[in-house]
Amino acid sequence: MPPEVAVSLARRAVRLSIATVSALALATAAATAQTTGTIRGTVTDAADSALPGVVVTASASGVDTEGVTNADGAFAFADLAAGDYILTATLFGYASRELQVTVRAGAVEVVAIVLQPFFQLDPISVVAEEPTVFARNFVAAPMMRQQSSITSVTSVIDNLPGVSVQEGDAYAFDDWSSNVVMRGFQSTINDVQIGTTIDGFPNGTSDYWGGAKANRFVDPINLGGVEVSQGTADIASRSVEALGGTLNFLTADPAEEASRTASITIGENRGQRFAARVETGTLFGGTTRAWVAAIRQEATDWMGGSARNEREHFAAKVVSSHGALDLTGYFSYDDILENNYQRLYSEADFHANPRWDRLIGHWPGVPYLNQSYRRGWGTLRTNTFAYLSADWSVGELISLSAGAYHHRNRGRGDWLPPYIVDVVDDGGGPESELAGRPPVRGGSQLGVIRFVDGNGAAVGPVPGCTSSYIFNYYGSGGPEVDPACHPGATAVQSYRHSHYGKDRTGASIDGEWSAVFGAGGGSALRAGIWYEDSRRHLGRDWHRILDPVVGLKGDEQPYWHQYEWDFPQDVFRWFVEETLYFGPFELTAGVKQFLISVSREDQFGIDPDLGVDSDSDLLLSGGVTYETPVDGLDLFVGYAENFRAISSTLLEVPGRSVNELEPETASNIDVGVQYAGDRLALSATLYSIDFDNRIFYVGPLTPAGPNYLIPGGGAYFNAGGIETRGIELAATAAVSERTSLYTALTLNDSKYLGTGDPLIDASQGIVPGTDVAGVPPRLWVVSVDRDGPLGGGVSTKYTAARRVSLTADWYTDPYWTVDAYISFRGEAPGDLFRSTEFSIVANNVLDSPYLSTITENAAWLGASRTVSMTVTVSF
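Dropping the structure here:
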């Protein structure tokens, strides 16, 4: 074959091959175009604002295709095989959303996905969606963002109408100095009149002496919301402290989509927090979901930076649905170490230095001064809590719910008495309390030992010596405490431990039966029982400090075991409530009763056992709601009788009959109106409360220093009655798609009525008609918040002057606090992470000095400006 022919044939073959490949490619493209399709869409929040950084997954036949929304919240999946797909959208801070999409060959499917906030908090409104016969509010999402991640879950309710949360610590580490006030009722270290529940299960008590506040059960990362019932608790509330309402802290439900979240927070006062949470997504064929979370945080005090505050928290929750049966389980473990703050006892002390509580951060080496060493004022607690609940629907008209729980509390409280207690008569010889012998069990003190000679015998000051000390917050102390007045002698000191414990086990069963009769009519009958068996432990021992000149270390073996008491308690509560529906009207009537017995058992067999029954009368409640013709506008009026049982702490007081005390009771009337629209929510409530047999507490701390020897926590007496009248106003408006405005105003007037016996009133410092200590007469909150990828907000709160002391004419100054935050969330910078969020929170932005918690004729200082920042990643 001639060469030119061969070349021609080769060129023809190449052209044929190119044409064949091209034809095959076109055929393949045509075939693909006929068998694949596209999904395009956007992801927005409830306000129709675009959400960037959302991870969107298209799943079919075990194959997942993943993408991330852009700055406009848009995403797209091309060349998807025709068929059915499940789209899942996830973003930190929002609940996951699933959507089924059918892809058609050659078509483009357009979808719109709306994500709701993960914490299930109302985005802007605190008004209840359904009418009730008493005032009820919910924490809104901005209230969460206004608080540091390190803080307590209780802090988020501070901006609700009628509520004032006071803390001595910038991060709410110190339970000793925390307080909640609501409509004249208070929850302090020992005076608790507001109930607390966790997902409806009781926390036990909220006092310092063996109780536990909500922050010991729930961490902010796991908070699903807070339901606040002012003045009146729901009739089914499981609390023996709900004299003035209930705080129900709700844990977040597990998400449908598996995810992992980690966050790091750093802040002033050496604040640190590390948190991680794992969502399992659906398990076992979609019936079960769970999450597990672990947190560690620490900080120091905001005054001098000497405190050691540490907390470790672990929690898990699982929900499982099986047709008409829903199961829920929750477990939490909390371990804390806190150094306390000291309260101030005069207005002059506050104005002299509003940034120092007079505790010190160094060890002076002299017992009388050592007692003010902050690290010697300690709170140690561990709390383990678990519950299991079941909700069962029998058709559409009958439902049953049952639950069981267990709570274990262990802890210790520390102080540094500037002496050794003399509990053995050694006849002037060496003091046996310093000899390392087994502890003396029980008994009473013969005196105190401050200095000993070379033989270990107690010695007094040199006659005629004048103390050289010119300052101590508890006074000069005199020559008895001055080492210069004891030449050649050795100072001695104690490290006092109070031991706390509580074990609670309980169960409850509630049922509801509904019926429909005629058009627009119906009824619902609720009934339930709750039983709890608990045993509180209280003990105290005294340890000698090995060398008061050198440091805090004490002898591990106590020299005196002052007392060891157990307090068994049984609680039984039943209730019945009927609700009738007639068109726009809803009528409710109910009755409940508490049957409670509590006793004290001396483990040494020295003090006589005590016991008291604290049964309530039949407590009535009821009301009417009216849904007006105006859409979203409801009126309500309600009445309820509330009760607080006699606490086991009252049995600590020696030599006094508890039969002289009566349980606290209160009757509450609410009249209100609420409106909930698409962009506006309003509420107004008038309330009237008559509070009888208020039990008042006198603690071991005094202006002259702690009474270290008084058994238990202090002493109690009935202070007659309290009368409260007030109004709460709240409004929330959606200013724009991303911006909301919230305001709340509370006007409250709480007065002591006295016991009716002028001599008793005068002896206790009660003046009828005077203001109730610690209760602000006016509260006003204004908050502006912006949601979105770049969010932020500012809130300001006014607190009016409050009475501090029953024994002196001392009122706090009114004050304003301002909190602010800014946050940014968006797409993560790599394939490892799904989304990121960065936030900065500043509390008390104006650095205003003020007095915060008030109790026992004294007040703690409010924290200075504190800034913290948090980085959160989801992957």
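With the numbering used here as the guide, the letters of the sequence shown map in order to residues 310 to 1184.
Just so you know, even glycine gets a beta-carbon here, dropped at the ideal spot from N, CA and C.
Nearest to residue i (by Cα), restricted to the options the options
{"i": "Ala1071", "options": "Ala367, Ala1117 and Thr937", "result": "Ala1117"}
{"i": "Gln912", "options": "Val939, Tyr872, Arg652 and Val364", "result": "Tyr872"}
{"i": "Pro1158", "options": "Glu621, Ser630, Arg664 and Ala450", "result": "Arg664"}
{"i": "Ala993", "options": "Ile1031, Thr974, Ile955 and Thr1052", "result": "Thr1052"}
{"i": "Asn1057", "options": "Ser1045, Gly1074, Ser997 and Thr1105", "result": "Ser997"}
{"i": "Asp943", "options": "Ala990, Asp508, Arg953 and Phe952", "result": "Ala990"}
{"i": "Thr897", "options": "Arg835, Pro857, His846 and Leu904", "result": "Arg835"}
{"i": "Asp388", "options": "Gly797, Leu469, Ile395 and Arg349", "result": "Arg349"}
{"i": "Tyr888", "options": "Gln878, Gly830, Gly914 and His852", "result": "The sequence given here places Thr at residue 888; Tyr does not occur at that position. Minimum Cα distance to Thr888 is reached at Gly830."}
{"i": "Ser1045", "options": "Asp1096, Thr1064, Leu1068 and Lys1060", "result": "Asp1096"}
{"i": "Thr1181", "options": "Arg582, Asp700, Ala1109 and Thr506", "result": "Arg582"}
{"i": "Arg845", "options": "His808, Gly736, Ile838 and Pro857", "result": "His808"}
{"i": "Met491", "options": "Arg525, Ala551 and Ala545", "result": "Ala551"}
{"i": "Leu1190", "options": "Val472, Val377, Pro451 and Val420", "result": "Because the chain spans 310 through 1184 in this model, residue 1190 falls outside it and cannot be assessed."}
{"i": "Asp562", "options": "Gln502, Tyr639, Val501 and Trp611", "result": "Tyr639"}
Assumed close pair residue i, residue j - CB separation to whole angstroms, cut-off 8 Å
{"i": "Gln456", "j": "Val465", "result": "6 Å"}
{"i": "Gln902", "j": "Leu927", "result": "6 Å"}
{"i": "Gly308", "j": "Thr1145", "result": "Any property of residue 308 remains undetermined from this structure, which presents the chain solely from 310 to 1184."}
{"i": "Ala1228", "j": "Ala567", "result": "No information on residue 1228 is available, as it lies outside the stretch 310 to 1184 that the chain covers here."}
{"i": "Asn524", "j": "Thr463", "result": "6 Å"}
{"i": "Val535", "j": "Val448", "result": "4 Å"}
{"i": "Ser975", "j": "Asp478", "result": "A small fix is needed here, since residue 975 is Ala in this sequence, not Ser. In fact, because the Cβ distance is near 30 Å, the residues do not count as touching under 8 Å."}
Span separating the alpha-carbon of residue i from that of residue j
{"i": "Thr1175", "j": "Gly576", "result": "7 Å"}
{"i": "Val1076", "j": "Leu1062", "result": "8 Å"}
{"i": "Ser1177", "j": "Glu1037", "result": "32 Å"}
{"i": "Asp483", "j": "Glu607", "result": "12 Å"}
{"i": "Asp791", "j": "Thr1033", "result": "50 Å"}
{"i": "Val352", "j": "Asp666", "result": "51 Å"}
{"i": "Ser496", "j": "Val489", "result": "5 Å"}
{"i": "Ser956", "j": "Phe884", "result": "22 Å"}
{"i": "Tyr868", "j": "Trp1119", "result": "41 Å"}
{"i": "Leu592", "j": "Arg598", "result": "6 Å"}
{"i": "Ala1168", "j": "Ala1082", "result": "10 Å"}
{"i": "Ala824", "j": "Thr514", "result": "37 Å"}
{"i": "Phe1147", "j": "Gly415", "result": "41 Å"}
{"i": "Ala390", "j": "Asp373", "result": "12 Å"}
{"i": "Thr596", "j": "Thr344", "result": "34 Å"}
{"i": "Ile1149", "j": "Gln409", "result": "38 Å"}
{"i": "Asp842", "j": "Glu910", "result": "15 Å"}
{"i": "Gly820", "j": "Leu559", "result": "21 Å"}
{"i": "Tyr1130", "j": "Ser710", "result": "40 Å"}
{"i": "Phe428", "j": "Leu532", "result": "Note that Phe428 scores a pLDDT of 37, beneath 50, so its modelled location is shaky; the value from the coordinates is reported in the next line. The alpha-carbon atoms of Phe428 and Leu532 are separated by roughly 7 Å."}
{"i": "Val801", "j": "Ala949", "result": "56 Å"}
{"i": "Gly986", "j": "Ala1040", "result": "11 Å"}
{"i": "Asp1066", "j": "Leu1115", "result": "17 Å"}
{"i": "Thr1064", "j": "Asp979", "result": "26 Å"}
{"i": "Ala616", "j": "Asn649", "result": "8 Å"}
{"i": "Ser572", "j": "Met452", "result": "19 Å"}
{"i": "Arg813", "j": "Arg717", "result": "7 Å"}
{"i": "Asp856", "j": "Gly810", "result": "30 Å"}
{"i": "Val1127", "j": "Ser1104", "result": "6 Å"}
{"i": "Ala767", "j": "Pro796", "result": "13 Å"}
{"i": "Ala798", "j": "Asp762", "result": "5 Å"}
{"i": "Pro877", "j": "Glu740", "result": "37 Å"}
{"i": "Ala336", "j": "Arg413", "result": "With a pLDDT of only 39 at Ala336, under 50, the local geometry of the prediction cannot be trusted, and no value is derived from it."}
{"i": "Thr505", "j": "Val537", "result": "10 Å"}
{"i": "Ser629", "j": "Tyr696", "result": "14 Å"}
{"i": "His622", "j": "Asp643", "result": "4 Å"}
Beta carbon proximity, residue i to chain D, threshold 8 Å
{"i": "Ser710", "result": "The structure shown contains no chain D, having only a single protein chain."}
Next item on the list: Any chance you could list the beta strand (DSSP E) runs of at least 3 consecutive residues sitting entirely within the region 688 to 745, in chain order?
Entry: 707 to 724 and 729 to 731
Give a yes or no on contact between the region 536 to 543 and the region 623 to 640, applying the rule of three or more CB pairs nearer than 8 Å.
no
Counting pairs of Cβ atoms below 8 Å between the region 668 to 677 and the region 707 to 721, do you hit three or more?
no
Mind the definition here: the region 765 to 780 touches the region 889 to 909 only if three or more C-beta pairs lie below 8 Å; say whether that holds.
no
Self-check item: Contiguous beta strand (DSSP E) assignments of at least 3 residues, all confined to the region 1104 to 1152
Solution: 1124 to 1136 and 1144 to 1152
Query raised in the report: Are the region 737 to 746 and the region 687 to 706 touching by the rule of at least three beta carbon pairs closer than 8 Å?
Result: no
In chain order, each alpha helix (DSSP H) run of at least 4 residues that lies wholly inside the region 633 to 697:
656 to 661 and 676 to 679
**Asked** Which residue spans inside the region 495 to 555 form an unbroken beta strand (DSSP E) run of at least 3?
**Response** The qualifying runs are 504 to 507 and 532 to 539.
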